[in-house]
Structures are given as structure tokens and as C-alpha cells.
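Below, the structure is given as C-alpha cells:
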């Protein structure tokens, strides 16, 4: 509104109104959304939830780390089956699958010259190995991934490539995608240019000497080379040393190993619905974790939040229309094997929506959906159900996540309850991913959000069928 | 002042004043303190100091960790001599001394049962060793040091004693003294009660999986046993596991070793004074560090602050009355050997005051002194010189510090410039003690405070002689 219009509006002057085009009428307020009263009741009761904490504490304390396809993950599955049965879920079972196994070995690093000192690093998932006695080579420093892209083929022959590519924190976590390329693709790129090994700056936003692991990928035809992440302070130290202008030589000992095929599995539990034709509501998180911490925020909390919410629907006294299927996926971190296995086994079943919790234990701040055109009222009811928790609607398409990805790509609708990315990457994939990082009140807000979401989606009379995949 | 008096005072009523005792006259304002103008000029110029950062960055980058009596500490001495000479200090030299050497070995821990998982720990300085293949034993949990005190003699035979004794942060750092007893004396106490090994909760205030090392003491007649600190989250995990009620068995591999006698040394540099009889102003910090980090806040920053301040006096164009002696003490962490060696070599020299910076790189918030009765005016001038930096006078006696301690105990006066203890013990003695923990602006405030202090003390016409030791 310009100033003259504002004055006219304030004065209510008929004379002015005759000479100036009046402002457009404001949009009518949206029609009130009618929510069944039990939605608010269930949601608000969930703000006192203790089950999600109980699951997070129990799994991280009584099992600890749960690296995919190891005996620790198998102990995790046994723990999960016992827990889910004791909670009263139906059809609790393990669906096993086979997958390649990678495990960590020794990992040490030192600057040999010009300033001898040890550095802290950790192997990336799928890293190749140095000889047992280590590998010493000169370091070529690339402050950014793009600098490595520009390096001539063969120019890294026999060298250790260092990639900086410092990541900052973003609310929606998008910087992980943008900057994480240094981890996902950097080692293979350096290998193709002749590098003997790669060290990257951790893809993380903290300043502690706890490196961030995570998988790296080797395209067909690229043999794995040793690849590891320095903690952020160690990466900065290496950059400082290099900036002093003398050649930098490092020695790495990294002895992880590929161990052939092993067994992982998805643990599944259900709250049966009344209408088998209405499609499954698929929710969950992943049971496996990296081996450095105890996988508290990645992803015991996701299992805990989704399971606690489903338990609240189960115990509400009102059976949902749709079956709620809670999946504790196996082997997410090392390549999304659990989600792929689920889609192989259940891809032909009708699914209404899929939604996963795999972004920590911080408060939910936004929801995004991908639902059929005829289900706009469901989206509106979700908004009304979630607003009291401080959750706003985003404009993107829901359906994010490694484990639900294979189903989403088949056209299953998605509902995302987004947590903040501002501190998640301080801890992600580090030894610090332990129970201490989980805030009980934030966890309860998550359970309330998921309970509200399920109390809308699992009961919706509207059809929730296939959508255009995002 | 009570309300009636307040009313009388406000009204200025003679009638009221006749019936009520008038309030005592307010104390006269303190006489203004006359500061030479160069004090403020030098202090304020120091707020733009770059030398302290340069020293801190250089030592931690080009040398790294500097464990006492190792080749790394020797490289530190060589770096120090070159640096101090290049800065123009006089009488730069190393005063070597011999001392027992302890170095770290392997260090791993795991809970064997009931919930198998690895824990993160680090050996305490002077820890004994397990066999190379490790030591497995049941754990006895003591949540507090006092609980261990109460345990019957012999009751820990063959056990691993765990001591919690959780420390909180305090502004003045006093909780380190109070709670640190678990580290300093706990292992020996447990050994005397029969323990095979000891693990303590780190004496620290953070929540990262970086354990805090530090020395433990073995009284004559107590043979060292393996003694290590779990990181705070790992200690909490062990307590959670134990709280579930099943016996806890741990396996420890700790292979540090005592290596007989070795050489350390103090690096000394001077700004010569005009009056040899006025006594030395002894300042400094310690060159050695623990081996886990790079000793940035403990204590490269202390060396840097005191050296940068002395350099400003040296370059001021006005020679101080008293010689300023900057000492980069060796081997502080492992038993205060540098301070003891200094007192052996210089105990008979006249010292005016001693002051060390060994509490990190945070802003100075308080000063405390122990000066002769005739030097009250010096204390007042210190107050006036430091007040613009936000530094207040404390009521305790100055002269704190391991390195100056032996001189202080001989009756040398002390001036303390206290830094905050609120975050110091987040980082103290951990792998996180690296350059990242040093804030450039805080460092400059320290240099300004030390410059102001020296510009008062090193020039004071008053006698600064022996005091009653604190």
C-alpha cells in the first residue's frame, strides 16, 4: 500500500476514494478447519511422553553402536523385537537381507614434515586400506571441492589429496547436500586423478576433535583408495601448516576391510487398520548406526519418536482406518540397504503415505507433503493439528529420506516433519552421537507432532493413493 | 536506611531530625589515584596486540603438543629461544633440569558385560600399565569420592574402581580443586583398598567424548596401578549401565610407561631494569603441554600473553626500574618440575613479585595481590589501571600458580590476573585444547591487562620485597 492509499484508508475519505483506485479487498480468511477433538487430545497428551526417551536410552545403553551387518546390529534387532512385542505391537518380525559388509580398522594420521604431529581422523565408510605399516606421501591441498575438480588428470599421482570444502549450518540441512559432495564423491574423483589416498575436512559444523564419518562412493571401475575425514580442528591445523609454505608430508594408517556379504534386516511392527484397501502408513527410522557413537540422534531417536507415536494411536481406543507400519530399517548408513530391501519385499503393496524420522532429536519446525490432489483437506487438517506445536507449512514436496526413498520413487505420497539442521551436523556421524545429545522436551515435541500427524493421516476418509514422485 | 529515615532525609525536616538519630555521614570518596599517562597509553595500545596470537598460533602449529621431557618439548624450547631472540629480549637462555619421564601408550576400554561396547578414556599422567593384552575385572561404582573413602580396606581387591565425583563449573575455578581430588588422590586411595585399576569420570565440565587427562599422585609406598579418565559422556554411560542392576565387567588396555630420567628446561628471557636492587618481576607460563591437544589454552596462550606484554614494555622507550623476567617453564603438567628447578636456581635472588598466566585465554575479570604493607599505593594504581578493562579487585591473596608456587612459598609477593573458570574446564587437558579455543579479542584484553600490570609494578618507586606467604 502506498502512502497516499494508506492515508485514504485511515481517513476513510470518500473524496479521496473517488480519485484513487481502492486497494483490492483482502483475501477472505481461510475457512476454519474442522479437526476431530481426539487429534488435539492425543497430541497434547504426547507432550508428556516418556516412551521415546525410554527407547532411546535403552537402545543406546543396552546395545550401543550398531554398525550395519555386524553382531552389534543383530543385537539391536533382538532388542527391537523384544521391545516392540512388549509394547503390544502386532506382526512384529524381522525381514532379513544380505549386503556387503565394511568394518573399521586402525586409523591414525600424522604430519611427518615440516612440523611433526599427530592428527585425528576416521575412515569414511567404504574406504580402502593402506598397508598395515601405513602410507606416507606428500599432501596436495584443495580448499574446495571445485579446486579438485579443476586439477589435471594424473596430477595427484602418488599424493594424498586433502579436500576442505568447509560446510556451514543451515536450518533445512541443505548445506549437507551441497558441501557433502566432498565426502560422497571427492575420494573417487581424487582416485581417478591418481591420488594414493584422500583426507577430507569433516562434513560437520562443530569445532571438536571428533571426526565425522559417513559413506563414500566408488563408481564401477574406480578401485577404493584410503579415504578418511579429519576432525574440523585437525583440518584447519593441516591447512595452517600448509599455508606456511613448506611441503607437507603425511603418514596414514587406515586398515578398514570389506568382509564380503553379511546379514542385516528390517524390524517391522504394526498397528492394524480397519480398512486393508486404504493403504499402509509407513513410518520409522533406522536401527543401524555408525560405529563411533551410540547412534542416539542418528537414529535411535527417530525410531523412538515414530514408535512412541504409533503406540499412542494403538492405545487410543480408536482403531485407525489405515494400518500403521513402523519399520526399524537396517543398514541405512552404509548404503540404504534396508530401504531397498523393504521396497523389494513390499513395493507392490498399497501404501497411503511414507514418512521417516532421520534428522536428529531437535524440535520439528516445518511440515511438507506430497499428497494426491483430492487430499488437500488432509493437508489443511495437518496444518491445523501441527500449528500449536510451532510447526509451519513448507512449500517443498514431502517424501525425503533414504529409507522411504525407494517407495517414494514408486509414487507413494510423503509427509515430512522437518527438524532443525542448525546443530544436527555438530554431532552427526561423530563419537559425540550419544544420549547426552537428546533433549527430553524436544523429543516429546516430536512425539506430539508425529502423533498429531498419524491421528490425521491414518484416519483420513479421503483416498491417499499414488502421487507424482518428487 | 529504613523508610522513616529515608522520608526524613528526603524532606530535610529539622523536626524529624531532632527525634531520630541521623544516618552516619557517607564515607568520603576514595582519593583519586594518580596514574602516569603512559599506563593508559600502553594498556590501550595493547588492545590491538597481534603478537600474542602470533606466538600462540606459531607454537601450536609449528610444534604441536609438547609433553614434558620428550623430543616435542625440546623442539618447543628451540622454537622458544629463536622466537624470544627474534623479538629482541635479552639474556635468552635455557636452564635445563632432569626429571622422571612418563609417556602414554595404548589406551582402550570396553564394557565386556552385560552390554558389550567400547568406551573412550585416556590414561592419567603417572598411570601404571595393564598387561599388553589388557586387564578384565568387575567394576565397583563410586558416584562420589567420599563413597570411595568409606569403602572398607581390601574391599576392592582385584576390582576396577570407578569414581564419578561430577564437577561443575565455577567462575573462580575453585571446583577444580574441590572435585579434582578424585583424579589427584582417587587412584592411590583405590590402590590402597586393593583395586587392580581405576577409571574416573573426567575432571571436566563439557559433554564431549574427549577425556581429560592430568596427573595423579602416588604417595611413597603406593605402587602405581592403571588409572584413566573416561570422557564425561562415557562416564555417564557406565553409570547408566551399572544402574540397570547387573554386574558390570570391563576390560582395559593401558600401556603407558615410566622411562627413567630425562631432560626438560625453562626458557628465560629478560627486559633488563635500571635498578638491580629493586628485585625481579617474574612472569610467564608453561611451555610443556599434555600430549592430547596442542596446548593452546594450556598454556601457549599464557606464554603469549605475558611475553607480548613484556615486549610492549621493552618497546615503550622507557626502561623499567625492575628487570622483567619472562619464563617459559618446562614440565609443569607432570609435576611442576620447571617451577621447582627455577626456585633451586634463582631462589636466592631478590624478586619483587611473581605472576603467572596459566588459566586459559579467556578475559581477565579480577585481580588479587599479596604485596608488602608499604605498597598499598601500588595496589590502588593497579586497580585504576585495570578497571577500564572490566577487572575488579578480589579480596583473596595473590600468588596462585604451580610454577611460581616455589618462589611464592619463599615469601615473594604475588599479583594474579584471574581469567574466568566457566568454560576453561570444558577443554582443559583434552584433545580439544587447540588453537580454535583461543579468541583473539579475549587474548588482546589479556595482553592489555598484563601490560597495565607491568607498567605499574615494574616501575613502582615503592619497595616490593618479601611478604608473608599465602
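Residue numbers (our numbering), protein chains in the order written: chain A, 346 to 815; chain B, 346 to 815. Ideal Cβ placement from N, Cα and C applies to all residues, glycine included.
Taking residue i as the reference, which of the options has the closest Cα?
i: residue 337 of chain A; options: A/417, A/439, A/793 and A/493; result: Because chain A is modelled from 346 through 815, residue 337 of chain A falls outside the range shown and cannot be assessed.
i: residue 457 of chain B; options: B/472, B/442 and B/483; result: B/483
i: residue 759 of chain B; options: B/380, B/443, B/542 and B/750; result: B/750
i: residue 624 of chain A; options: A/371, A/667, A/779 and A/646; result: A/667
i: residue 578 of chain A; options: B/638, B/631, B/438 and B/389; result: B/638
i: residue 389 of chain B; options: B/730, B/598 and B/774; result: B/730
i: residue 702 of chain B; options: B/558, B/654 and B/720; result: B/654
i: residue 736 of chain A; options: A/405, A/787 and A/618; result: A/787
i: residue 640 of chain A; options: A/605, A/588 and A/558; result: A/558
i: residue 790 of chain A; options: A/394, A/584, A/604 and A/704; result: A/394
On the premise that residue j lies in contact with residue i, defined as a C-beta separation below 8 Å, what is that separation, rounded to the nearest angstrom?
i: residue 783 of chain B; j: residue 401 of chain B; result: 6 Å
i: residue 446 of chain A; j: residue 607 of chain A; result: 4 Å
i: residue 536 of chain B; j: residue 570 of chain B; result: 5 Å
i: residue 669 of chain B; j: residue 658 of chain B; result: 6 Å
i: residue 595 of chain A; j: residue 477 of chain A; result: Their Cβ separation, rounded to whole angstroms, is 17 Å, which puts residue 595 of chain A and residue 477 of chain A out of contact at 8 Å.
i: residue 546 of chain A; j: residue 580 of chain A; result: 4 Å
i: residue 809 of chain B; j: residue 717 of chain B; result: 7 Å
i: residue 633 of chain B; j: residue 412 of chain B; result: 7 Å
i: residue 612 of chain B; j: residue 698 of chain B; result: The pair is not a contact, with the Cβ atoms about 20 Å apart (cut-off 8 Å).
Suppose you measure from the CA of residue i to the CA of residue j; what does that come to, to the nearest Å?
i: residue 387 of chain A; j: residue 614 of chain A; result: 21 Å
i: residue 807 of chain B; j: residue 687 of chain B; result: 26 Å
i: residue 564 of chain A; j: residue 470 of chain A; result: 14 Å
i: residue 682 of chain B; j: residue 642 of chain B; result: 20 Å
i: residue 691 of chain B; j: residue 419 of chain B; result: 22 Å
i: residue 695 of chain B; j: residue 548 of chain A; result: 56 Å
i: residue 403 of chain B; j: residue 425 of chain B; result: 10 Å
i: residue 465 of chain A; j: residue 724 of chain B; result: 47 Å
i: residue 495 of chain B; j: residue 502 of chain B; result: 15 Å
i: residue 409 of chain A; j: residue 741 of chain B; result: 48 Å
i: residue 777 of chain A; j: residue 379 of chain A; result: 44 Å
i: residue 526 of chain B; j: residue 676 of chain B; result: 21 Å
i: residue 661 of chain B; j: residue 437 of chain B; result: 20 Å
i: residue 574 of chain B; j: residue 510 of chain B; result: 12 Å
i: residue 797 of chain A; j: residue 774 of chain A; result: 30 Å
i: residue 765 of chain A; j: residue 555 of chain A; result: 21 Å
i: residue 755 of chain B; j: residue 489 of chain B; result: 36 Å
i: residue 396 of chain B; j: residue 785 of chain B; result: 11 Å
i: residue 844 of chain B; j: residue 763 of chain B; result: As shown, chain B starts at 346 and ends at 815. That puts residue 844 of chain B outside it, with no answer to give.
i: residue 480 of chain A; j: residue 562 of chain A; result: 21 Å
i: residue 714 of chain B; j: residue 382 of chain B; result: 23 Å
i: residue 720 of chain B; j: residue 769 of chain B; result: 32 Å
i: residue 506 of chain A; j: residue 473 of chain A; result: 14 Å
Can you tell me which residues form a DSSP beta bridge with residue i?
i: residue 486 of chain B; result: B/507
i: residue 572 of chain A; result: A/543
i: residue 761 of chain A; result: A/713
i: residue 611 of chain A; result: A/440
i: residue 473 of chain B; result: B/571
i: residue 518 of chain B; result: Residue 518 of chain B is not bridged to any residue.
i: residue 452 of chain B; result: B/599
i: residue 669 of chain B; result: B/616 and B/626
i: residue 816 of chain A; result: What the structure shows of chain A is the stretch from 346 to 815, and residue 816 of chain A is not part of that stretch, so it cannot be assessed.
i: residue 674 of chain B; result: B/631
i: residue 447 of chain B; result: B/603
i: residue 480 of chain B; result: B/597
i: residue 463 of chain A; result: A/455
i: residue 696 of chain B; result: B/625
For the region 377 to 402 of chain A, which residues have a CB atom closer than 8 Å to at least one CB atom of chain B, in sequence order? The region 377 to 402 of chain A vs chain B, Cβ under 8 Å: 402.
Chain B contacts from the region 537 to 564 of chain A (Cβ-Cβ distance under 7 Å): Answer in chain order: 552, 553, 554 and 555.
Of the residues that make up the region 598 to 615 of chain B, which ones have a beta carbon closer than 8 Å to any beta carbon in chain A? Cβ contacts with chain A: none found.
Using a Cβ cut-off of 7 Å, which residues of the region 776 to 799 of chain B contact any Cβ in chain A, in chain order? If the cut-off is 7 Å between Cβ atoms, the region 776 to 799 of chain B has 776, 777, 779 and 781 near chain A.
Residues within the region 458 to 487 of chain A neighbouring chain B, beta-carbon criterion of under 9 Å: Correct list: 459, 460, 461, 462, 463 and 465.
Which residues, in chain order, does the region 663 to 687 of chain B contribute to contact with chain A at a C-beta distance below 7 Å? None of the residues of the region 663 to 687 of chain B has a beta carbon lying less than 7 Å from any beta carbon of chain A.
Give, in chain order, every residue of the region 688 to 700 of chain A whose Cβ lies closer than 7 Å to some Cβ of chain B. Residues of the region 688 to 700 of chain A with a Cβ closer than 7 Å to any Cβ of chain B: none.
Using a Cβ-Cβ cutoff of 9 Å, what residues of the region 574 to 585 of chain A are near chain E? List them in chain order. In summary, chain E is missing from the structure at hand, where the protein chains are A and B.
Using a Cβ-Cβ cutoff of 9 Å, what residues of the region 417 to 440 of chain B are near chain A? List them in chain order. Residues 417 and 420.
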